[in-house]
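Protein chains in written order, with the numbering used here: chain A, 1 to 111; chain B, 1 to 118. Glycine included, each C-beta is placed from N, C-alpha and C at the ideal position. The model shown is predicted, which means the values in this text are computed figures rather than measured ones. Remarks on the structure that follows.
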Amino acid sequence: AQSVTQPDIHITVSEGASLELRCNYSYGATPYLFWYVQSPGQGLQLLLKYFSGDTLVQGIKGFEAEFKRSQSSFNLRKPSVHWSDAAEYFCALLYGNKLVFGAGTILRVKS
Amino acid sequence: DAGVIQSPRHEVTEMGQEVTLRCKPISGHNSLFWYRQTMMRGLELLIYFNNNVPIDDSGMPEDRFSAKMPNASFSTLKIQPSEPRDSAVYFCASSTYQALRANTGELFFGEGSRLTVL
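Shown next as structure tokens:
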């Protein structure tokens with residue numbers, strides 16, 4: 001079955017440190033993958049998306065993600081985290097014209 | 001350019017009451033999705049429409065839930081009667097069916113309706 005797994009429920013990083021949020025997917029065909037961010041009390045905002053082409057995808061707010069087919073992964077990265085990046089991050093897979101979301105990873109940023 | 005508009009933003013009601021949540025998708029979008037977000041279950045797709053027609057309602061939890069899309073610019077999600085376990089944030093999202101099929105689109109989300117059933 002199609003699914004998205006985000007192994008980390010919470011991650012805490014220091015401001016200025018690098019960040020990597022993990023995402024693994026299960027899908028039989030070429031996946032169409034997304035990362036969304038949700039700030040408290042807000043809706044979901046698209047950070048980046050991948051379908052084909054370059055496996056390293058650049059997004060907004062300095063985020064990037066790398067698609068690795070051999071590992072069924074689509075990890076999100078940022079070289080230097082800012083306090084304003086504290087939010088919940090969702091990885092998602094497009095399947096049958098609908099998005100299937102992972103459980104989310106809550107990012108805490110400490111100063 | 002207006003995004004997806006949901007109302008009300010917050011709703012507090014008592015068990016047994018009818019609740020109606022509303023959504024106005026982005027103009028020109030022809031796919032509309034209703035999601036529910038809870039701590040326990042995360043983001044769940046309840047139902048989605050293409051060209052105002054319900055395509056997949058397998059995520060609707062019970063007969064107490066119903067959704068309609070009478071025209072391209074308006075959708076409702078109704079819960080009757082409401083129960084405390086329905087407390088959640090309900091999101092509406094819209095997109096273009098053709099773009100999703102071509103794997104070039106994305107979902108645009110509203111800010112959600114936070115429902116509390118006492």
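Quiz item: Quick one: is Q71 of chain A buried, meaning 16 or more other Cβ sit within 10 Å of its Cβ, or exposed?
Solution: exposed
Practice problem: Report the option in B:R41, B:S73, B:F74 and B:R9 whose CA atom is closest to the CA atom of V100 of chain A. | Solution: B:R41
Practice problem: Check the Cβ of Y97 of chain B against every Cβ in chain A and list those closer than 8 angstroms, keeping chain order. | Solution: N97
Quiz prompt | Proximal residues to Y36 of chain A (C-beta, below 6 angstroms), its chain only, five neighbours per side dropped | solution = L44, L46 and F90
Practice problem: For chain A, find out if any of its Cβ atoms is closer than 8 angstroms to the Cβ of S75 of chain B; answer yes or no. | Solution: no
Quiz item: Pick from B:T20, B:A93, B:M69 and B:N51: whose alpha carbon is nearest that of N30 of chain B?
Solution: B:N51
Quiz item: Ordered along the chain, which non-local residues of its own chain (more than five positions away) have a Cβ less than 8 angstroms from that of Q58 of chain A?
Solution: L48 and E64
Quiz item: Which chain A residues sit within Cβ distance under 8 angstroms of R22 of chain B?
Solution: Within 8 angstroms Cβ-Cβ: nothing; R22 of chain B doesn't reach chain A, min ~15 angstroms.
Self-check item: Between the CA atoms of I5 of chain B and P25 of chain B - distance to the nearest angstrom
Solution: 7 angstroms
Quiz prompt | Residues that Y27 of chain A bridges to, as DSSP identifies them | solution = BP columns for Y27 of chain A are empty, so no partner.
Practice problem: Starting from Y32 of chain A, find everything on chain B with Cβ-Cβ shorter than 8 angstroms and list it in chain order. | Solution: N103
Practice problem: Name, please, each residue of chain A whose Cβ falls closer than 9 angstroms to the Cβ of S27 of chain B. | Solution: In chain order: nothing, as chain A lies at least about 18 angstroms away.
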